[in-house]
Structures are given as structure tokens and as C-alpha cells.
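Chains as they are written, first to last, in the UniProt record's numbering: chain G, 1 to 387; chain R, 1 to 387.
Cβ coordinates follow ideal geometry from the N, Cα and C atoms, glycine included.
All figures in this text were calculated on a predicted structure; none of them were measured in a lab.
As C-alpha cells, the structure follows; a few thoughts come after it.
There are 2 protein chains.
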Amino acid sequence: MTRARIVGTGLIGTSIGLALRAAGWQVSLQDPSPTAAALARDLGAGTIDDETPDVVVVAAPPDVAARVVAEQLERWPGAAVTDVASVKGAIASGVAALAGPGSVERYVGSHPMAGRERSGAVAGRPDLFEGRAWVVVPTPRSAPEAVDAVRALAAAARGEVVVMTADEHDAAVAAVSHVPQVMATLTAARLRDRDEHAVGLAGQGLRDVTRIAASDPQLWTQILAGNAAGVREVLLDVQEDLAAALDALAALADEASTSGADDGPHGERRGEHANALGGRYAPAPGAPGARAVLARLLDDGNRGRALVPGKHGGAPTAYDVVTVVIPDEPGSLGRLFAEVGDAGINIEDLHLEHAVGHPVALAEVSVLPAASDRLRDHLRSTGWRIH
Amino acid sequence: MTRARIVGTGLIGTSIGLALRAAGWQVSLQDPSPTAAALARDLGAGTIDDETPDVVVVAAPPDVAARVVAEQLERWPGAAVTDVASVKGAIASGVAALAGPGSVERYVGSHPMAGRERSGAVAGRPDLFEGRAWVVVPTPRSAPEAVDAVRALAAAARGEVVVMTADEHDAAVAAVSHVPQVMATLTAARLRDRDEHAVGLAGQGLRDVTRIAASDPQLWTQILAGNAAGVREVLLDVQEDLAAALDALAALADEASTSGADDGPHGERRGEHANALGGRYAPAPGAPGARAVLARLLDDGNRGRALVPGKHGGAPTAYDVVTVVIPDEPGSLGRLFAEVGDAGINIEDLHLEHAVGHPVALAEVSVLPAASDRLRDHLRSTGWRIH
């Protein structure tokens, strides 16, 4: 049986303990706070003892992770040691500088791509890593056995193992995690200037864009500092796009402020096609170009967004959607699914629209494109209304 | 009984129709596409006829809204006319220029702060506006009776009426809607440079920040152009914050790249507190200041985020979500729905997560809170795995 030691029993450490226990591993727990370690033990994440581990997981904050890794390498001379911090190059350099001779080979970085809005052992769950990427980051000096031990750990915790170099990892998380954090922060920071009335108009879009702006400033200062070069590189490109957008907006604002001047009498204007949004009468030179700049940027955003995988890590796939009207009575959905099953068609995704007070609901049934016409025909022939 | 006419039966128009019908109003529907109007009618949003309305709602794209408002003012000389576009100053100028003499007094702008990532009549719902702000924007020339009519409309659709001038409105939505759109777009646009591997590391944070980057570029070009001055003003402040963050990151990246040079022998280093994240050995002058810049920005983001209102009553209803593991084989969903029906429980909403290459899918079944424990017990007892 494999024995793991977990150093740091917050959300991630506790979840790893729970996941490894579920996989039949033995787990020892350690935390600077005895209370925190005891809580994780009581939650079933492991035991508190000094059994010799095969692999040690350092789940400590990024600014102390390298030091704790070095300590663990020294304390357990037979164990592979990994950390789970969200920057990897800086930790690896720190370990290389701090670790005793002949021990740095047992260090392999890792980064499970999982987290929750909540923190602490109580929020831990054994399925936190299920189906999510767990990046394993060997250093050039990592021994193959150590890499295998950390891969086995990630797989036992049910993560999907992805191997990357520290540079690859840090560039990737800059784009998919650290820069989004900065952008959410920049957006939220601007709300401080607004009165309550204005912020009261916020909708789901603002809530989504700014949700992670509530993240811990101390932790994120460490993360951004630890990946400063990678984050900066992406943000420089953002800065360039932003400057182009600002130029376009300046041209459009000019156009709008000058276009009011030469409104003709009403009679001449009515019936003409008029673009009410600036430039309706005397477009300033360059303003059509300004719209094109914005449209191209928005389109780039569409294309980037389309690359973002769905909730459970699957590649986005294009399905055809068949929209079926469902009478709002118990058993209707059961009948629909029985019909779909009869047609031998698999439902790939499904969304049910059911608004309170609405006489009918709509089921949006996603199927492989090849099956959609057949499904529509089959459902129509059996009396369903298709939209 | 009040009679409304809705011109444009997309998501918003159809939802207004459904909401007004639920409030006992009579509703006539009109759309340039007869199919779209018929769909909204079939969904219960109103009838297709030429009855004289008391109030007309123009739910057309922003670049034609002013023209359509002017046409409706002319066609229905006794009706108040409003639009629902998300910019107000530009539409009001357009209406003032295009409307016939003596009719501009019957125009009052409005902007219901509701939307969904999905569009079209099929996504319409009668509770879309419930508990959300519905901004009513009189022009200096609006007649009091017209303002009252539009306020009554917004209240009947269950929006929370907020009265603002066009300038107040446009400045507010720049900060809470238009700039967040630009920021989501800028973030998503950078993902195009990344390989699949990198984007595969995305988590919920990236999904949230970039969700609205999937918005329609044509519509958003119109919106941003229509509020160019307001959006630009906020984005100039963002540009300043971004420049400060870039300077801080440059200092930290310099520090990290030079700090490796003077690593002492291991023996001297071990046991010391070491900050693994840059500046661990010979902090460059100014680097502590750089961390303070980032920390202050992140803290500003915290404070801005804290101002964002929650879903307070705005969410149609809070349901409990029961997550059920579905074997990926034809007929599984049918069996699930049969079981739910057997338990006498109505499904209020449902989302199926089905990732390619994964052996199982997850069905997120929303039910009334009072029913969720019973549903969990029933499904477990009949052999389903509940997450």
C-alpha cells in the first residue's frame, strides 16, 4: 500500500487526503496548526502520525512552499516530494537553491487545477480533482521514479495527469488563470467610483466577470509575483488591444458629438434609414474603421471563448439542438426520453426551460448533427411539437 | 385592460409579452420576420393583430431602434412609445431628429436590466424582469402621461422601476455592463494564441470571466459605438491601473531573473525563511513597492466586487440542485425521469453535463427545496449515484 504525507490541511490538502483514502492509500497529515490537522483527520482525510511516507504533498501557500519542500526532502530521504502551488518556475528555482545536495532529484512540482470559492478543510471533498487536469511538472533534474510517484498520486486522486515543463505551465496559467484574475480585479476596481444607484443596475454579466475579484489579495499578490514575467507578457498584448479599442471609441465619441450640429428639418429626415448610434448624418472620416476595430475585437473574443472547455473539461463539441415543447405535467419528460430512446438516439446535452407561470416548458435536446433530422421527424410523427 | 404592442419578438420582446400577459394585459406582437412573430405567439407572448395599443415597446436592435420608434409614434398617434435598447442618449437624439412634430412627447426610453447568454424567443421567460432594475429614461420633452404609461409597463412586467436621465444611465451602464463586456472580450481574445493543452487547464474562474465574451459582436459593436464616450471614460481609468500593474510586474520579473545569480551555498540558506516567489535573496530596489501596487489593486478589486448586488430575489426561484450520475447509454435519462415521476416530484430545471470521452454524464436536476431530500433518498434507494 502506498503511504502519502500531506503537509498543509487546507482545502486542497484535505481534499487530496480524502481522495487518496478513497483510493486505498494510507495518509498522514501535518499542519502548522494542530487544530487544522485534527479537523482534517476528523473529516477522514488521514491520520496524524510520523510513518515514513513514499510521497509527500506540500499544500502550503506559494510564498513558503519552496522552503517546506526543502524541509520535507531533508526529513524523508526516501520520499518523492511535490507541491501544489499555482506557480511552478519560481518554486522550482527556490527548491533548487534550498534543497540539500542529492535531494533535489526527488522533487517534482504539480498543480491540480481545482479549487472552490470556499476554503479550508471543511470545504474539502474527495471528488475535487475528478476529471480535472492535474499538471505534473518535472524539473530537468527530477528522477524518473519521483516523476512516476507524483503521477501515481495525481491519478489516485482521480486527476487527469498532464505533464508540462515549468515554463509551459506558467505561460498556460498566465493566460487561463492569472490574467483573468487581473482583468476581473481591474473591472471590479472601477465600480468603487460609482454610486449605489449605478451599481444597482448590475446584472449577471457583471457578477460573472467580477466573481473572482473577491479572491484573497495576499495569496494573489504571491501568485502574480511568482509568475510576473508570464503574466506581464500576456498583459502587454491586452494593453495593445485596449489601446486600439480606446482609439476607436475616441473616434466614435467625436463623431457622435459633432453629428448633432447639422440635423436638418424633421421633414427631410423621416423615412430615411438612420443609424441612431453616432454618425447618423455626417460620419466623421475614419469612424466606419472604428466600428470595424471594435467588431474585430469582439469577434476575437468570441473565438477565444469558444476554446474554453465546458464544465467537466470536455472539448466543446458542436451539437444540433432540437427544441421540443413539453406540456408542464409530471411524466412529460419521461415520455419524451422514452421516444428519443425508441429512436435509438443518444442525448448529448439537454437544457430544460421551465419558467414559473409559463404554460409550457421547452426542452433543448442536443444530439449529434447526423441524428437531428431523424429525431425531429420521429418526434413530430409521435405528436410532439418541435420549434 | 391595458393593451401593449411589442415590435420585435426576440428574447426581450417575447419575455415582455409573456410577463404582460401574466399581468392580465392584452398584447399584440409584430416582427419583421413573420416566423419569429408566430413563434412568440405560440409561446404565449401575445396575439398577432392590429388593435390600437396604449403603449408600444420597440424591442429592436439599437441601430434601428430610433427609426422604429419614430415609425410607431407616427402609426399610433394615441400611444406612448418606448424602446428597450441598452444605450439611451443616442436613441433619444435619434428619435428627436426623426419623429414628426408633436409626437416626440410620447417617447420615453427604457432599459430593462435583464438578459441571458441565449437569445431568441425560445429563451424568453415571463419572470425575466422579476426583481431586476428597469430603468425608465424620460427625455426633457417627455409628457408626464407617457412617463406614467412606461412606468406602469415596467411594473406590470415585474421590473423594479428606476428613473434616470440618459446621461446618468449611459455612465452607469458603461461601468456595470459595457466595460465588463470589453474586459471579458479582451481576456478571451488572448486565448487564441494558446494551444489546446494550455486552454485545457481552464477552470471555473476563466469560464466566468469570459462567459459574456460569447456575446454577439454585431450587437455589441452597436452598443459600444452608441455609448462611446461613457465607455471610453471608464476604460481610460482601467488603462491607468493596467499600466501600474505592468510596471510592478516588470520590476518583479527583473528581480526574479537577477536573483538566481547570487544564490549562496546551500548550507547558509536552509532553515532561513525564504520567499520563493522572486526577490528571495537580493530584492531589487522598488520590488517591495511593486508587491504593494499589486496588493492594493487586488484590494480595490475586492472592494469594488463587494458593491455588486447579489441575485436578491432577482433569480426566478432558488431551487435545490440534485446531481445524478447518468451512465452514458441510450435510455438512461428516460429511466431517471421515470423514477423522478414515480416519486411525484416535478423537475423545475435540468442541465445535463456530458463531456466527450467521459464514461458518465451528470444530470443537474433542480427541484423545489422541500423535495430535494426526498428525491435524493428515492434515487439512492433505486440505485442511482448522487453527487
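Among the options, whose alpha-carbon lies nearest the alpha-carbon of residue i?
i, options, result
"Leu153 of chain R", "R:Glu71, R:Gln26, R:Leu219", "R:Gln26"
"Asp193 of chain G", "R:Arg303, R:Gln218, R:Ala149, R:Pro126", "R:Arg303"
"Asp377 of chain G", "G:Ala189, G:Gly334, G:Leu362, G:Val324", "G:Val324"
"Thr52 of chain G", "G:Ala123, G:Gln72, G:Ala175", "G:Gln72"
"Gly24 of chain G", "G:Asp254, G:Leu39, G:Ala45", "G:Ala45"
"Asp216 of chain G", "R:Thr258, R:Gly334, R:Arg296", "R:Arg296"
"Arg207 of chain R", "R:Val173, R:Asn346, R:Val161, R:Ala184", "R:Ala184"
"Gly289 of chain R", "G:Thr221, G:Tyr319, G:Leu350", "G:Thr221"
"Pro32 of chain G", "G:Ala248, G:Gly8, G:Ala172, G:Ala79", "G:Gly8"
"Gly331 of chain G", "R:Gly341, R:Val322, R:Gly331, R:Pro327", "R:Gly341"
"Phe337 of chain G", "G:Pro309, G:Ser366, G:Asp320, G:Tyr319", "G:Ser366"
"Ser86 of chain G", "G:Ala256, G:Ala99, G:Leu98, G:Val58", "G:Val58"
"Gly344 of chain G", "R:Val238, R:Ile345, R:Leu333, R:Ala198", "R:Leu333"
"residue 391 of chain G", "G:Ala70, G:Pro327, G:Val64, G:Val321", "A query on residue 391 of chain G cannot be resolved here, the shown segment of chain G reaching from 1 to 387 and no further."
"Ala79 of chain R", "R:Val64, R:Val150, R:Val238", "R:Val150"
"Ala306 of chain R", "G:Arg211, G:Leu368, G:Arg305, G:Pro34", "G:Arg211"
"Gly301 of chain G", "R:Ala198, R:Leu368, R:Leu191", "R:Leu191"
"Glu229 of chain G", "G:Ala66, G:Ala245, G:Ala172", "Here residue 229 of chain G turns out to be Ala, not Glu, going by the sequence shown. Looking at the Cα atoms, G:Ala172 is the closest of the given residues."
"Pro309 of chain G", "R:Thr258, R:Val199, R:Thr35", "R:Val199"
"Leu43 of chain G", "G:Val68, G:Arg67, G:Gly10", "G:Gly10"
"Gly203 of chain R", "G:Asp50, G:Ala244, G:Val176, G:Asp195", "G:Val176"
"Leu201 of chain R", "G:Ala243, G:Gly131, G:Ile347", "G:Gly131"
"Glu233 of chain G", "R:Ala250, R:Val238, R:Asp237", "R:Ala250"
Suppose the cutoff is 7 angstroms on Cβ atoms and the five residues either side in sequence are ignored; what does the same chain contact list for residue i look like?
i, result
"Leu379 of chain R", "Val324, Glu339, Ile386"
"Asp241 of chain G", "Leu297"
"Ala248 of chain R", "Ala290, Val293, Leu294"
"Ala70 of chain G", "Val95, Leu98, Ala99"
"Arg65 of chain R", "It is worth fixing the name first, because residue 65 of chain R is Ala in this sequence and not Arg. Contacts found: Val58, Asp83, Ala85, Ile91."
"Leu235 of chain G", "Val179, Val182"
Short of 8 angstroms in beta carbon distance, which residues of its chain neighbour residue i, apart from the five on each side in sequence? Order them along the chain.
i, result
"Leu219 of chain R", "Pro61, Pro62"
"Ile48 of chain G", "Ser28, Leu29, Gln30, Ala37, Ala38, Arg41"
"Val231 of chain R", "Ala174, His178, Val179, Val182, Leu224"
"Ala22 of chain G", "Pro126"
"Glu129 of chain G", "In the sequence as presented, Glu is not what sits at residue 129 of chain G; that position holds Phe. So the qualifying residues of the chain are Ser15, Ile16, Ala19, Pro112, Ala114, Ala154, Ala157, Arg158, Gly159."
"Trp384 of chain R", "Val324, Val325, Leu336, Glu339"
"Trp76 of chain G", "Arg5, Thr52, Pro53, Val56"
"Leu350 of chain R", "Ala363, Glu364, Val365, Ser366"
Identify, in the order they occur along the chain, each residue of the same chain with its Cβ nearer than 6 angstroms to the Cβ of residue i, setting aside the five sequence neighbours on each side.
i, result
"Arg5 of chain R", "Ser28, Pro53, Val56"
"Gly267 of chain R", "Residue placement at Gly267 of chain R cannot be trusted, given a pLDDT of 35 that sits under 50; what the coordinates show is reported in the next sentence. Excluding positions up to five away in sequence, the list is empty."
"Ala213 of chain G", "Ala184, Thr185, Ala188"
"Val162 of chain R", "Ala133, Val135"
"Thr2 of chain R", "Trp25, Asp54"
"Arg141 of chain G", "Val104, Glu105"
"Glu74 of chain R", "Gly100"
"Gly13 of chain G", "Ile6, Ala59"
"Gly278 of chain G", "The pLDDT assigned to Gly278 of chain G is 39, lower than 50, so where the model puts this residue is not dependable; a value taken from the coordinates is nonetheless given after this. Closer than 6 angstroms at the Cβ level, and outside the excluded window around Gly278 of chain G, lie Leu252, Glu255, Ala256."
Cβ closer than 7 angstroms: which chain B residues qualify as neighbours of residue i?
i, result
"His387 of chain G", "No chain B appears in the structure shown, which is made up of the protein chains G and R."
Alpha helix (DSSP H) runs wholly inside the stretch 44 to 81 of chain R, at least 4 long, in chain order: If we require 4 residues or more, the alpha helix (DSSP H) runs fully inside the stretch 44 to 81 of chain R come out as 62 to 75.
Selection of the stretch 187 to 198 of chain G by Cβ proximity to chain R, strictly under 8 angstroms: For the stretch 187 to 198 of chain G, which is checked against every Cβ of chain R, the residues closer than 8 angstroms are Thr187, Ala188, Ala189, Arg190, Leu191, Arg192, Asp193, Arg194, Glu196, His197, Ala198.
Against chain G: residues of the stretch 234 to 259 of chain R by CB proximity under 9 angstroms: Flagged, chain order: Val234, Leu235, Leu236, Asp237, Val238, Gln239, Asp241, Leu242, Ala243, Ala245, Leu246, Ala248, Leu249, Ala250, Ala251, Leu252, Ala253, Asp254, Glu255, Ala256, Ser257, Ser259.
Residues within the stretch 173 to 186 of chain G neighbouring chain R, beta-carbon criterion of under 8 angstroms: Taking 8 angstroms as the upper bound on Cβ-Cβ separation, chain R lies near residues Val173, Ala175, Val176, Ser177, Val179, Pro180, Gln181, Val182, Met183, Ala184, Thr185, Leu186 of the stretch 173 to 186 of chain G.
Are the stretch 141 to 153 of chain R and the stretch 97 to 109 of chain R in contact at 8 angstroms, needing three or more beta carbon pairs? The stretch 141 to 153 of chain R is in contact with the stretch 97 to 109 of chain R.
At least three beta-carbon pairs within less than 8 angstroms, the stretch 89 to 97 of chain R to the stretch 119 to 130 of chain R: The stretch 89 to 97 of chain R vs the stretch 119 to 130 of chain R: no contact.
Scan the stretch 341 to 352 of chain G for residues whose Cβ lies nearer than 8 angstroms to a Cβ of chain R and list them as they occur along the chain. For the stretch 341 to 352 of chain G, the set of positions with a beta-carbon nearer than 8 angstroms to some beta-carbon of chain R reads Gly341, Gly344, Ile345, Asn346, Ile347, Glu348, Asp349, Leu350, His351, Leu352 in chain order.
Meets three-Cβ-pair contact criterion under 8 angstroms: the stretch 152 to 171 of chain R and the stretch 130 to 140 of chain R: Yes, they touch.
Which runs of the beta strand (DSSP E) at least 3 residues long sit entirely within the stretch 115 to 192 of chain R? Give them in chain order. Qualifying beta strand (DSSP E) stretches, in chain order: 133 to 138, 160 to 163.
For the stretch 100 to 117 of chain G, enumerate the residues whose C-beta is nearer than 8 angstroms to any C-beta of chain R, in chain order. Within the stretch 100 to 117 of chain G, the qualifying residues are Gly100, Pro101, Met113, Ala114, Gly115.
Listed from N- to C-terminal order along the chain, which residues in the stretch 130 to 141 of chain R have their beta-carbon within a distance smaller than 8 angstroms of any beta-carbon of chain G? In summary, the residues of the stretch 130 to 141 of chain R whose CB is separated from some CB of chain G by less than 8 angstroms are Arg132, Ala133, Val135, in the order they occur in the chain.
Interface positions of the stretch 147 to 159 of chain G facing chain R (Cβ-Cβ less than 9 angstroms), listed along the chain: The residues in question: there are none.
Between the stretch 202 to 213 of chain R and chain G, which residues of the former have CB atoms less than 9 angstroms from a CB of the latter, in chain order? Hits within the stretch, in order: Ala202, Gly203, Gln204, Gly205, Leu206, Arg207, Asp208, Val209, Thr210, Arg211, Ile212, Ala213.
Taking Cβ-Cβ distances below 9 angstroms as the criterion, which residues of the stretch 41 to 64 of chain R are in contact with chain G? Taking 9 angstroms as the cut-off between beta carbons, the residues of the stretch 41 to 64 of chain R near chain G are Asp42, Leu43, Gly44, Pro62, Asp63, Val64, in sequence order.
Could you list the residues in the stretch 294 to 311 of chain G with a C-beta less than 7 angstroms from some C-beta on chain R, going in chain order? Only those residues of the stretch 294 to 311 of chain G whose C-beta falls short of 7 angstroms from the nearest C-beta of chain R are listed: Leu294, Ala295, Leu297, Leu298, Asp299, Asp300, Gly301, Asn302, Arg303, Gly304, Arg305, Leu307, Val308, Pro309, Gly310, Lys311.
Whole runs of the alpha helix (DSSP H) within the stretch 199 to 259 of chain R, excluding any shorter than 4 residues: Fully enclosed alpha helix (DSSP H) runs of 4 or longer: 204 to 210, 217 to 226, 228 to 259.
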